[in-house]
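Okay, so here's the structure we're looking at.
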Amino acid sequence: MPASAADRLPFSRAEYDRRLGLTLTAMAERGLDALFVEDPSNMAWLTGYDGWSFYVHQGVVVTADGAEPLWWGRRMDANGARRTVWMAGESIRSYSDDYVQSTERHPMQTLAALLREKGLARGRIGVEMENYYFSAKAYTTLLAELPEATLEDATALVNWQRAVKSAEELTFMRRAAAISERLVDLVAARTEPGLRKSDLVAEIQAEAVRGADGHWGDYPAIVPMLPSGADAAAPHLTWDDRVFRAGEATFFELSGCYRRYHAPFCRTVFLGRPPQALRDAAAAVSEGIAAGLEVARPGATAGDIARALHGALARAGIARSGRCGYAIGLSYPPDWGERTISLREEDTTVLAPGMTFHFMPGLWMDDWGYETTETILIRESGPAETLCNRPRELIVKP
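Just add 1435 to the spot in the sequence shown (first one is 1) and you have the numbering used here.
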């Protein structure tokens, strides 16, 4: 491994060996000869690769023989792989630029050639079918190029191996949480009538990159979201140049990020005197979060957390259904979730120490919205830990 790559690796080699071992075990249980992962989060988790190149086809090939994974991607991005992955140079393979966005050829033709070279022309190969980055054209090209192979849906196979965080990963998430706290402190201090949303977002982005406690900030997988008033009924609106106004609530959905690890943290700011109904809803959400944290222990299920929350909300006369959180950790745009465990009543996943979630009981009504959320860690015993430490209440600025 080049010295430059060794210097850049965010984790120990033992940590990468642990991750590869978990993946190989899961592959063996599925009877896979090889696994192709195109999700950049899974690529980074397995190899350390980190670059804004996920808009073209790239991926990592893991073979059942336990050999070093193969990084495969665009030739110009192979230089980035040499500087970020733990594998040796011969494990970095690339295709030429004339395959990029071509109507005459497809990068998967070169991946198929690589798989044939590795003796996998008749193999059982797992691919991530339900994935932002693996296209229908990619799948049909592989089918055509590997007619004797069996392509298995291995969506989220690697994602599930990421559910329990190592001590090294939790260090990074705590650094992200410290940045998240600074962002919430910033919006609490700076939000005021007449301030343009775009100006506040500029400050949020700058603070996020400056980082906290001596640790720099990475770009988050989701941009800041901050709808106000009736717009807050829609959970995924971003910003424009309109100003904050008195008499309106704005929720801020934010996350610090450190080396691709996230700790989402949301709070709601009201400018003026909030209506009693909003105060009551905020109190009910806080009670529901406390109830959810209390049951979020090893041996309980993801559904138990949702039921505890929904019970507290129901006692306050608030009907809420659907999921109220999801597994988080390392991620790339467009989503900071891990796309595995959901905090919803029908999810029977058993909680284990080291699992991390965005506990996200947002309320989106017909003409208003409210968010107070926490990034939580399942501990060895006792209720879940919140990685951020700020008051769990509606922020009121008279």
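No residue lacks a Cβ here, since even glycine has one placed at the ideal position from N, Cα and C.
Here G1501 is exposed. Its C-beta has fewer than 16 other C-beta atoms within 10 Å.
Contact annotation, A1681 with P1733: C-beta distance approximately 46 Å; criterion of less than 8 Å not satisfied.
Membership of T1585 in the beta strand (DSSP E) is indicated by the continuous run 1585-1588. Taking a C-beta distance under 8 Å as the contact criterion, F1794 and G1760 qualify as a contact pair.
Between R1617 and E1642 the beta-carbon gap is near 6 Å, inside 8 Å, which marks them as a contact.
Between the C-alpha atoms of A1719 and P1826 there is a straight-line separation of about 14 Å.
Taking V1520 as the centre and dropping the five residues before and after it, the same chain places the C-beta of T1482, G1483, Y1484, W1506 closer than 6 Å to its C-beta, in chain order.
Around R1714, the same chain offers L1829 as residues with beta carbons nearer than 7 Å, after the five sequence neighbours per side are excluded.
Annotation: the continuous beta strand (DSSP E) that includes G1760 extends over 1760-1763. The alpha-carbon separation between V1599 and R1708 amounts to approximately 43 Å.
Looking from the CA of V1495, the closest CA among G1508, D1676, R1517, A1669 belongs to G1508. Beta-bridge partners assigned by DSSP to A1698: G1691.
Burial is judged here by how many other beta carbons sit within 10 angstroms of a residue's own beta carbon; E1583 has fewer than 16 and is exposed. Rounded to the nearest whole angstrom, the C-alpha separation of T1585 and V1562 is 10 Å. I1614 is the residue among T1673, I1813, I1614 whose C-alpha sits nearest the C-alpha of V1644. Here the alpha carbon of I1724 sits roughly 42 Å from the alpha carbon of I1560.
The beta carbons of L1786 and A1741 sit no closer together than 8 Å.
The beta carbon of L1555 sits closer than 7 Å to those of D1468, A1469, A1584, all from its chain and outside the five residues before and after it, given in chain order.
Between M1511 and D1532, the C-beta spacing is below 8 Å. Residue range 1505-1509 is occupied by the beta strand (DSSP E) that includes L1505, with no alpha helix (DSSP H) assigned at that position. In this structure, F1686 lies away from A1668, with their beta-carbon atoms at least 8 Å apart.
Distance from the CA of F1607 to the CA of A1579, rounded to the nearest whole angstrom, comes to 42 Å.
When the alpha-carbon of A1684 is set against those of H1671, P1659, P1710, Y1696, the nearest one is in P1710.
For F1446, the secondary structure class from DSSP, reduced to helix, strand or coil, is coil. By DSSP's assignment, I1560 forms a beta bridge with A1469, L1586.
Burial state of G1515 is buried, judged by a 10 Å Cβ sphere holding 16 or more other Cβ atoms. Contact between D1782 and I1776 is confirmed by a C-beta separation of about 6 Å, below the 8 Å threshold.
Beta-bridge analysis with DSSP links E1809 to F1794. Here the segment 1448-1462 does not lie against the segment 1534-1550, with fewer than 3 beta-carbon pairs under 8 Å apart. Setting aside the 5 residues that flank it on each side, L1798 is surrounded in the same chain by A1716, V1720, I1753, R1755, G1804, Y1805, E1806, each with a C-beta closer than 8 Å to its C-beta; the list follows chain order. Beta-bridge pairing by DSSP links H1650 to A1647.
Contact between G1764 and T1791 holds, with the beta-carbon distance rounding to 6 Å and staying under 8 Å. Close CB contacts of V1730 within its chain, under the 7 Å cut and outside five residues either way in sequence, are with D1739, I1740, A1743 (chain order).
Buried is the label assigned to W1480, since at least 16 other Cβ atoms lie within 10 Å of its Cβ. In terms of CA proximity to A1698, S1766 leads the group M1800, S1766, M1660, G1664. Sixteen is the threshold: when 16 or more other Cβ atoms of the shown chains lie within 10 Å of the Cβ of R1695, as they do, the residue is buried.
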